[in-house]
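Numbering (our numbering), first residue to last: 1369 to 1572. Even glycine gets a Cβ: it sits at the ideal position worked out from N, Cα and C. Here the structure is a predicted model, which is why all the values come from computation and not from measurement.
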Amino acid sequence: MIQSSNSRSLVNRCKSEPPMRTEFSLPELDRLSSHLFAWHWLPSSGSTGHSGGILLGVKDATFEVGSMDRGRFFVSMELYERALNFKWEVIIVYSPADHSRSASFLEELHRKVSAASLPVVVGGDFNLLRFADDKSNSNVNFARMQMFNDCIADLGLREIDRIGARFTRTNRQASPTQSVLDRVLVSPEWDLRCSLASLRAITR
């Protein structure tokens, strides 16, 4: 589950649903603490453009957690999914809103995914557009879009198609600008194993 300021995106794959979140309210954390989860947290850091850090949790009953990793813009867990006898890695990202750091974010993402020894799922707030119609106005930066798409193509990742809400983020102004910033990307090996995966964005 990936949450931005106004939407929730749910990844349903097989019968598992690891929560992947970049923003939480205190009541939500209180509810989650009553369940048996394994957690991995990257604290907020103003110097890298995070507004709230990253918290990744998986259900102990569903997954066995192997090694964990973290960088400036991601946290990850290697998982063994007991019901499927399947090992894979989930990587949750939170890209800085300061686009002077976008290249650094993509470089770190490229290094992380390239070094992965397991099938990967990469999800979170990328703070980058892929296509012009990912934004409700025409104020888009085509060079950044190309840089993002080149990174995805070079890594051989596929974006899981999203249904539900048209956009995943709004600036909540009187005349709001809406964008698609939250995504889930998967490696070919993961895609082959979980070909029926789906993604739903729910506007809050």
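Handout entry: Given 8 Å, three or more beta-carbon pairs between the region 1481-1496 and the region 1541-1552
Key = yes
Handout entry: CB of isoleucine 1528 within 8 Å of CB of leucine 1567, strictly
Key = yes
Practice task
Spatial neighbours of histidine 1478 within its chain, please: CB distance less than 8 Å, with the 5 preceding and 5 following residues excluded, ordered by chain position.
Solution key: Cys1519, Asp1522 and Leu1523
Exercise for the section: Put alanine 1500 into one of helix, strand or coil per three-state DSSP. Expected result: helix
Exercise for the section: State the start and end residues of the unbroken alpha helix (DSSP H) segment that holds isoleucine 1460. Expected result: No alpha helix (DSSP H) contains isoleucine 1460, which is instead part of the beta strand (DSSP E) from 1454-1462.
Practice task
Give every residue of the same chain whose Cβ lies closer than 7 Å to the Cβ of alanine 1500, excluding the five residues on either side of it in the sequence, and list them in chain order.
Solution key: Val1508
Exercise for the section: Assign isoleucine 1459 to buried or exposed, taking buried as 16 or more other Cβ atoms, counted over all protein chains shown, within 10 Å of its Cβ. Expected result: buried
Exercise for the section: Could you tell me which residues DSSP puts in a beta bridge with serine 1444? Expected result: Asp1437 and Ile1459
Practice task
Going by DSSP, name the residue or residues bridged to phenylalanine 1432.
Solution key: In the sequence on display, residue 1432 carries glutamate and not phenylalanine. According to DSSP, glutamate 1432 bridges with Tyr1448.
Exercise for the section: Using the Cα positions of arginine 1450 and threonine 1430, report the straight-line distance between them to the nearest angstrom. Expected result: 6 Å
Handout entry: Same chain only: Cβ atoms within 7 Å of aspartate 1559, ignoring 5 sequence neighbours per side
Key = Arg1526
Practice task
Label leucine 1564 either buried or exposed according to how many other C-beta atoms from any shown protein chain fall within 10 Å of its C-beta, with 16 as the threshold for buried.
Solution key: exposed
Handout entry: Selection from Asp1502, Lys1480 and Ile1531 that minimises the alpha carbon distance to valine 1537
Key = With the sequence shown as reference, residue 1537 is identified as arginine, and valine is not the correct amino acid for it. It is Asp1502.
Problem - Contact with chain D by aspartate 1518, beta-carbon distance below 8 Å - result: In the structure shown, chain D cannot be found, because there is only a single protein chain.
Problem - Residue nearest to proline 1556 in terms of C-alpha spacing, selected from Ala1569, Ser1485 and Leu1474 - result: Ser1485
Practice task
Have a look at lysine 1480 and isoleucine 1422 and give me their C-alpha separation to the nearest angstrom.
Solution key: 16 Å
Exercise for the section: For phenylalanine 1510, count neighbouring C-beta atoms within 10 Å of its own C-beta (all shown protein chains included) and say buried if the count is 16 or more, exposed if not. Expected result: exposed
Exercise for the section: Could you please give me the residues that DSSP links to leucine 1553 through a beta bridge? Expected result: Val1490 and Glu1527
Handout entry: Helix, strand or coil at glutamine 1514 [DSSP, three-state]
Key = helix
Problem - Beta-carbon spacing of threonine 1545, serine 1504 below 8 Å - result: yes
Handout entry: Closer than 7 Å: asparagine 1539 CB and nearest the ligand PLP heavy atom
Key = In terms of ligand content, the structure shown is empty, and the ligand PLP therefore cannot be addressed.
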